[in-house]
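Notes to accompany the following structure.
4 protein chains.
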Amino acid sequence: MCGIFGIFNHSEAANITYLGLHALQHRGQESAGIICSDSSGFYSHKEMGLVSDIFNEEVLKGLKGNRAIGHVRYSTAGASYVQNAQPFAVEYAKGRLAIAHNGNLTNAKVIRDELQNFGSIFQSTMDTEVIVHLIALSHENSTIERVISTLHRVEGSYSLLILTDKEIIAARDPYGFRPLVIGKIGDSFVISSETCAFDLVQAEYIREIAPGEVLHITQDRIKSYMPFKKVKPKHCVFEYIYFARPDSYMFGRTVYTVRKALGRELAKETHVDADIVIPIPDSGAGAAIGYAQETGLPFELGLIRNHYVGRTFIEPRDSIRHFGVKLKLNAVHDTVKDKRIIVVDDSIVRSTTGSKIVKMLQQQGAKEVHFRVSSPPTAFPCFYGIDTPSRSQLIASSHSTDEINTFMGSDTLGYLSIDGIKKAIGDKEDEFDYDFCDACFSGSYPSKFPLGMGLEQMELFQKK
Amino acid sequence: MCGIFGIFNHSEAANITYLGLHALQHRGQESAGIICSDSSGFYSHKEMGLVSDIFNEEVLKGLKGNRAIGHVRYSTAGASYVQNAQPFAVEYAKGRLAIAHNGNLTNAKVIRDELQNFGSIFQSTMDTEVIVHLIALSHENSTIERVISTLHRVEGSYSLLILTDKEIIAARDPYGFRPLVIGKIGDSFVISSETCAFDLVQAEYIREIAPGEVLHITQDRIKSYMPFKKVKPKHCVFEYIYFARPDSYMFGRTVYTVRKALGRELAKETHVDADIVIPIPDSGAGAAIGYAQETGLPFELGLIRNHYVGRTFIEPRDSIRHFGVKLKLNAVHDTVKDKRIIVVDDSIVRSTTGSKIVKMLQQQGAKEVHFRVSSPPTAFPCFYGIDTPSRSQLIASSHSTDEINTFMGSDTLGYLSIDGIKKAIGDKEDEFDYDFCDACFSGSYPSKFPLGMGLEQMELFQKK
Amino acid sequence: MCGIFGIFNHSEAANITYLGLHALQHRGQESAGIICSDSSGFYSHKEMGLVSDIFNEEVLKGLKGNRAIGHVRYSTAGASYVQNAQPFAVEYAKGRLAIAHNGNLTNAKVIRDELQNFGSIFQSTMDTEVIVHLIALSHENSTIERVISTLHRVEGSYSLLILTDKEIIAARDPYGFRPLVIGKIGDSFVISSETCAFDLVQAEYIREIAPGEVLHITQDRIKSYMPFKKVKPKHCVFEYIYFARPDSYMFGRTVYTVRKALGRELAKETHVDADIVIPIPDSGAGAAIGYAQETGLPFELGLIRNHYVGRTFIEPRDSIRHFGVKLKLNAVHDTVKDKRIIVVDDSIVRSTTGSKIVKMLQQQGAKEVHFRVSSPPTAFPCFYGIDTPSRSQLIASSHSTDEINTFMGSDTLGYLSIDGIKKAIGDKEDEFDYDFCDACFSGSYPSKFPLGMGLEQMELFQKK
Amino acid sequence: MCGIFGIFNHSEAANITYLGLHALQHRGQESAGIICSDSSGFYSHKEMGLVSDIFNEEVLKGLKGNRAIGHVRYSTAGASYVQNAQPFAVEYAKGRLAIAHNGNLTNAKVIRDELQNFGSIFQSTMDTEVIVHLIALSHENSTIERVISTLHRVEGSYSLLILTDKEIIAARDPYGFRPLVIGKIGDSFVISSETCAFDLVQAEYIREIAPGEVLHITQDRIKSYMPFKKVKPKHCVFEYIYFARPDSYMFGRTVYTVRKALGRELAKETHVDADIVIPIPDSGAGAAIGYAQETGLPFELGLIRNHYVGRTFIEPRDSIRHFGVKLKLNAVHDTVKDKRIIVVDDSIVRSTTGSKIVKMLQQQGAKEVHFRVSSPPTAFPCFYGIDTPSRSQLIASSHSTDEINTFMGSDTLGYLSIDGIKKAIGDKEDEFDYDFCDACFSGSYPSKFPLGMGLEQMELFQKK
């Protein structure tokens with residue numbers, strides 16, 4: 002997963018982008034980068050690590066120009082190289098071009114093979130690189146035309162920022178899988194994955210960039226194109242459930258409010274008699290509050306999170322029970338002792354962490370542990386940018402809820418239904434369509450796969 | 002403020018101490034150190050920074066021996082040198098000795114002057130260094146006797162660990178200002194500032210080290226001394242209010258439970274009509290939950306914390322409103338909009354942060370902002386180890402609650418009373434004395450100051 | 002300038018390459034990299050900095066496989082990015098390919114423009130990148146054929162190593178501008194810019210790779226191709242004069258021996274009466290020894306070099322005379338006092354350093370300072386890989402020897418003539434042609450420039 | 002071994018000291034430090050590593066004040082901690098004091114034991130710490146009196162700089178073992194271990210600080226004390242032979258000139274018929290030049306040094322012959338082939354390196370290798386600051402020259418005699434006493450050992 006941020010026409014473009022990336026840090030902690038542009042060229046800095054470690058005053062001073070795009074990247078196993086850090090800049094016949102991409106192209110491999118057959122060389126393992134090749138190969142006259150022609154070729158999810166010597170182009174795929182918003186600071190346009198970045202840099206929120214919209218920002222004007230056939234939007238519901246920051250306003254709602262609504266629906270569907278509701282911090286907090294409000298049970302902080310967790314920890318030889326979880330979480334003994342507990346998390350992927358938490362609560366004397374999940378069983382891989390593991394590692398793809406409950410050792414296990422999600426998200430005054438992608442729960446993928454490929458082939462295909 | 006951890010007779014003494022310090026990281030983020038000992042000497046590693054950055058497998062491998070003590074230190078303005086990192090090790094006539102100290106000696110300056118007049122040299126600005134000098138100058142025959150004789154000379158607060166070539170000595174001042182607990186891992190004794198470290202390393206909690214107790218741990222036996230005149234204990238109430246981790250069991254109670262009780266009393270004393278209760282994360286969470294439970298108002302996460310905040314951030318030239326606070330906190334717009342809000346924090350020191358948060362909530366549309374503090378006005382400096390600023394910077398030492406409310410811009414401002422603290426802490430089945438130091442609120446300091454000094458002199462005196 | 006090293010079929014390919022690069026460190030201190038290959042892929046590590054800082058045991062352990070190529074790169078102003086570090090690896094239709102290049106392509110810009118016009122994108126500013134594009138675009142069937150076809154397209158200088166999943170290809174341009182030698186360690190072939198790397202890794206020297214030769218090393222066999230029209234070789238004479246390590250055997254001679262012969266010729270051509278001969282360390286040492294031997298004058302170390310010079314030094318406000326030179330060199334007072342001194346260096350580029358050294362010697366009491374240079378005036382830029390500045394900065398391109406002598410403040414200034422070089426190099430038992438490029442002195446460039454471009458255009462052209 | 006530098010009354014005290022330490026870097030590469038002083042206190046920075054890595058503009062900016070002392074420290078096995086880095090600063094009854102020390106106190110252990118028995122604590126393993134304790138314990142009224150009284154207590158070698166809030170004191174032991182010189186920059190006094198630092202910072206050399214002299218520099222005046230009983234000076238002859246920089250003027254002579262004279266004497270004493278003379282670079286260069294001049298044989302660079310050698314290198318599994326030496330040195334094949342070679346070094350300590358060099362020359366085809374050493378066999382440990390190993394590791398303490406020759410594999414081995422040293426050093430127009438310590442060769446130690454201890458006890462005693 003990734004976050005992107007851009008700004009046009011601001012005397013402190015790099016500084017603002019750096020703060021924007023800081024606000025988007027939750028979308029990617031592997032690497033970060035900024036590319037700025039002025040009349041004499043590009044200025045770039047990208048590294049592995051966190052925004053606050055990578056950029057300092059000296060580095061920012063070197064990033065000149067009043068236009069910038071930035072990117073934070075999530076750590077996905079095995080492809081963690083600085084070559085894969087973005088923004089990705091190249092020189093081609095028409096000049097310099099840099100790109101920052103959030104999303105995942107489902108036909109990247111097909112296009113890559115085709116390009117390579119015509120003699121193209123690739124220097125990264127990123128799907129994003131094919132976009133740049135296609136732009137360079139396009140015979141259209143202007144950058145905006147080349148970009149639009151390129152986007153007609155690619156499938157999957159993309160929220161994009163493209164920087165050249167004189168413009169920024171922002172684009173979002175027709176389904177609008179990933180978020181992208183536009184705002185203003187004085188006369189400067191800013192574009193961001195989430196509105197929480199606008200709050201930090203004091204930008205005024207204007208609107209979402211629409212699914213399928215291509216925005217062309219130049220010194221003179223901002224112009225909107227809708228070049229694609231219109232389809233029913235398919236926003237990623239997992240952004241609501243887990244990924245986005247609770248204070249962001251996304252797809253027409255505030256994320257925290259949606260999470261509480263999911264928790265309320267979860268309570269309606271799965272409640273059993275209990276004494277307290279506790280979240281798995283911090284991801285389960287919103288849903289747990291909703292659950293507690295719906296049921297009237299006390300909301301308690303029964304698990305405390307240690308925020309100082311670094312990269313790696315050395316475990317003693319006499320291995321510590323649930324070591325990995327214990328470094329991050331600890332139970333509050335007298336809060337959980339002798340209690341019947343509803344413990345709420347946003348999702349279960351492999352179930353190993355949840356299982357350790359159940360045991361931790363039981364060891365601290367919990368009488369009953371009822372595990373509740375504010376989303377349906379995650380049974381299908383995501384091909385649109387969420388870094389889920391392959392199906393073989395998704396416990397829900399091969400096990401029933403009962404089996405998972407047995408494995409986890411909880412007294413009961415309850416998931417929210419897809420229908421519950423719909424109710425939760427629809428629960429809003431001004432009517433709102435359920436325009437969401439829930440393929441990770443339903444297996445019903447909105448976009449077609451290339452060449453009539455099946456799910457197994459796609460999984461094989463996306464491995465990096 | 003600081004945290005200490007020690008272990009005796011364990012084949013992985015350094016590894017366990019490192020994990021213990023990780024669990025105590027909230028007690029000090031400036032520097033960390035571990036000193037181990039085996040029959041051939043001491044092995045030491047200390048640096049500025051966080052535990053997880055300072056220690057790695059290679060460093061830990063070099064820390065040999067089956068005894069260790071460790072220390073994390075809080076960043077106090079101006080005295081942030083690696084020379085002040087602990088444990089502090091020296092060689093003296095009777096051999097090697099290392100010390101780790103949590104607390105603050107009120108007569109350190111007096112003793113230091115005296116020692117210097119007799120020719121002693123000091124290499125750090127730490128009060129702890131006088132303890133080591135006194136031990137070295139003692140004519141007693143054994144380490145334990147020298148330590149006890151030394152502790153008769155010093156006043157103030159100390160929870161101490163002393164390591165020599167063959168023993169560990171743990172000691173706590175007669176008032177028991179700072180916490181100190183002992184536990185067991187198999188045959189190995191472990192000592193820690195807080196029980197949360199025991200949970201991580203799977204140690205079994207035995208008991209508190211009593212105020213005024215000196216514990217002598219050798220290969221053969223563990224022996225307890227109570228060498229001081231007994232006084233009524235004066236545990237630091239601020240450990241409950243703010244400093245300790247919520248999951249620790251301290252002074253006979255779980256910290257989280259006390260915080261909720263403080264929130265309940267706060268509601269009883271100061272409640273006004275409102276729509277929601279929100280905490281200032283993470284410090285106000287426990288009290289806010291108690292407040293919400295007492296009043297029946299919904300508990301909401303109206304402020305979201307960014308956990309990626311690093312050392313320094315570059316602010317744009319066109320300064321951002323409330324920049325420092327915004328890097329850490331953001332309001333959830335549709336949760337606070339048009340709401341009458343009770344916002345709860347644990348304490349107000351300078352009031353600048355609180356004031357910015359009030360404005361942030363108002364800008365997001367809050368109808369009313371009622372600021373509630375789960376402790377009384379902090380009007381007096383602490384001489385026992387909490388890093389409060391001088392009185393001139395404590396807003397409550399020179400301003401009334403009304404004046405502070407006006408400054409903060411809140412609709413109302415309410416503090417918990419000292420009496421409320423007593424009720425909150427006393428609210429327990431098995432009766433418990435109010436054996437707490439609340440000098441930072443009441444100005445009534447339990448231990449006498451040296452030489453009949455007054456408060457102003459003491460303040461001057463403690464500056465480093 | 003750069004150095005390259007490769008090894009095929011050795012169980013410790015990365016370790017050997019790392020040592021080889023260490024021995025070639027004088028050829029480039031900006032960045033270093035190694036790429037290894039086994040049946041499952043490439044393993045790469047490259048960074049800015051010195052070989053000994055970049056590689057450690059852990060990094061080397063990660064570089065698996067029994068084939069490797071490595072590269073050290075010289076710091077050229079303004080193009081010092083990690084993107085320009087080599088080896089340069091890409092994926093194309095026929096698989097993975099990595100390249101390490103020493104030299105400079107004179108028609109890189111022409112080909113780059115052409116490739117970009119056909120849609121290619123470039124990620125570095127290196128001329129080397131065009132080679133990879135051409136290979137990828139070639140329709141030939143095998144790697145070796147694609148490489149040979151590509152090399153027919155490029156002009157200028159190259160000593161190349163190319164690594165794929167199953168082979169190493171070594172190639173040298175038809176003029177043989179840059180050195181390249183092949184040797185053996187047991188059954189493993191090693192290839193290196195200079196023989197000094199063979200001495201360190203205990204490889205047995207076999208022979209030079211011939212000008213225009215392409216060597217194809219596979220598991221089964223090593224095969225030599227001579228695909229280009231034969232031309233008279235044009236080895237870089239500056240490798241002898243300055244660049245190569247004195248202990249290397251290159252172009253049929255030992256570098257140190259050639260340097261002494263240059264010094265002898267220099268004495269024959271330019272000698273004046275004097276007391277001592279001193280070198281500018283370390284570059285002038287060989288020629289100074291030859292000069293002293295020819296004249297019978299004492300060879301003395303009149304200038305001492307400080308070998309601890311790092312990146313940058315802070316100069317005091319009251320600027321120190323000749324600060325930059327003084328950080329590196331100091332005169333030995335009683336050796337130079339009252340002496341008539343012959344001071345010998347290998348070349349004069351901008352003359353600023355030489356000028357400061359003359360003044361330093363005079364301030365220490367030298368009676369006469371006669372500056373002698375073991376090469377002719379450097380009046381023309383090099384387009385074959387030596388990092389000379391543009392002509393406007395080459396003092397000899399616009400000033401006579403007399404003018405330079407006046408500027409430097411020396412009593413006399415003498416250069417070796419081109420004819421002297423010929424005599425020095427020809428001074429060998431088994432007759433040896435003068436097959437050298439001396440364009441930097443003579444302006445007579447052996448290879449044609451693209452499109453009939455003139456010298457000025459070429460200069461403009463090569464700027465990065 | 003160490004180097005010290007100080008400056009009084011200069012607006013850029015830290016910058017000048019930093020450059021001075023850079024020029025003295027050869028005297029110690031383990032750690033470096035600077036302490037400055039102005040009216041409000043001390044400013045200190047010290048770290049492990051090289052001067053150019055430790056200090057940058059930001060660090061130097063923080064080192065305020067117009068007085069400074071600095072120190073570079075040599076890496077001695079096993080005692081390489083930052084606690085042992087100097088200058089060493091403490092606070093005592095009379096204020097702050099910092100010390101930088103070059104030398105070694107022979108009675109440090111005796112005094113340390115005594116001080117510890119009176120209750121002193123030690124935080125480093127440095128002998129220097131006892132000086133500070135003694136100063137602090139002194140009942141004299143002024144710093145200068147306390148320092149002089151302290152220096153009456155210590156024995157051994159010291160060139161010292163002491164900094165307080167208002168003065169600098171420079172002192173040299175009565176024998177003058179280690180060098181110390183004073184100079185001027187405008188109105189500012191500078192003090193340095195060697196004159197080469199004066200050359201860099203443009204200071205004017207005034208004179209040596211005399212053996213036994215104590216110089217007191219204050220704002221008003223500079224005053225010289227000669228408080229000790231006069232003894233015949235015993236300058237360290239090893240400074241001439243190996244340690245000092247060739248361009249320094251020391252003990253009345255230029256080091257390079259002395260080294261050449263040693264080489265001449267060596268030739269007179271030990272010459273055999275040969276073809277060329279080569280130095281082991283860089284330490285043997287001066288003597289080899291003298292040897293060549295005396296004999297008329299050609300001086301050649303038969304061994305080339307790689308100056309990029311870093312901390313550690315990974316050796317391949319199939320161990321490379323003479324790996325450690327090869328990383329640093331390589332023979333020039335056609336210079337040494339079929340030659341009878343005189344190879345000159347300054348000293349032989351363990352003989353392992355020399356032995357490898359002999360073999361390297363033989364493998365490159367040398368016909369004969371005659372090893373010549375410009376000093377006598379090093380058979381005794383140094384207690385005055387040179388970091389020689391213990392006697393058991395000094396090959397000359399247990400083996401005859403014949404035996405060593407056999408071990409090294411050289412054809413002949415020749416050392417300079419003590420008498421030869423005397424002749425070399427005495428070879429000067431204005432007569433000069435042989436006031437040198439040659440205990441490492443002769444075993445005749447100028448200063449008495451404490452308590453009538455013997456050599457074995459002293460060796461045991463000095464181990465750290």
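Chains as they are written, first to last, in this note's numbering: chain U, 2 to 465; chain B, 2 to 465; chain D, 2 to 465; chain Z, 2 to 465.
Quick reminder that beta carbons are idealized off the backbone N, C-alpha and C, glycines included.
For residue i, the first and last residue of its enclosing beta strand (DSSP E)
i	result
D:K185	V182 to I186
B:T413	T413 to Y416
Z:D346	R341 to D346
Z:K449	No beta strand (DSSP E) holds Z:K449; DSSP gives it neither H nor E.
Within-8 Å CB hit, residue i to chain Z
i	result
D:G63	no
D:A99	no
Contact with chain U by residue i, beta-carbon distance below 8 Å
i	result
B:F244	no
B:A137	no
Neighbour flag for residue i against chain D, beta carbons, 8 Å
i	result
U:V133	yes
U:A94	yes
Z:T18	no
DSSP-derived helix/strand/coil call for residue i
i	result
Z:H134	helix
D:H334	helix
Z:G4	strand
Z:N118	helix
Discussion item. Below 8 Å, how does it come out for the stretch 433 to 449 of chain D and the stretch 158 to 165 of chain Z: are there three or more Cβ pairs, yes or no?
Written reply: no
Fill in: Length-filtered (4 minimum) alpha helix (DSSP H) runs lying within the stretch 222 to 279 of chain Z
256 to 271
Practice prompt. Could you pull out every unbroken beta strand (DSSP E) segment of at least 3 residues lying fully inside the stretch 149 to 201 of chain U, listed in chain order?
Written response: 157 to 165, 168 to 173, 182 to 186 and 189 to 193
Practice prompt. Determine contact between the stretch 344 to 351 of chain U and the stretch 278 to 285 of chain U, defined as no fewer than three beta-carbon pairs at a distance below 8 Å.
Written response: Between the stretch 344 to 351 of chain U and the stretch 278 to 285 of chain U, the count of C-beta pairs closer than 8 Å reaches three or more; the two stretches touch.
Discussion item. Does the stretch 9 to 16 of chain D come into contact with the stretch 183 to 199 of chain D, if we say contact requires no fewer than three beta-carbon pairs (one atom in each stretch) closer than 8 Å?
Written reply: yes
Item to complete: Please confirm if the stretch 165 to 177 of chain U is in contact with the stretch 111 to 130 of chain U, defined as three or more CB-CB distances below 8 Å between the two stretches.
Response: no
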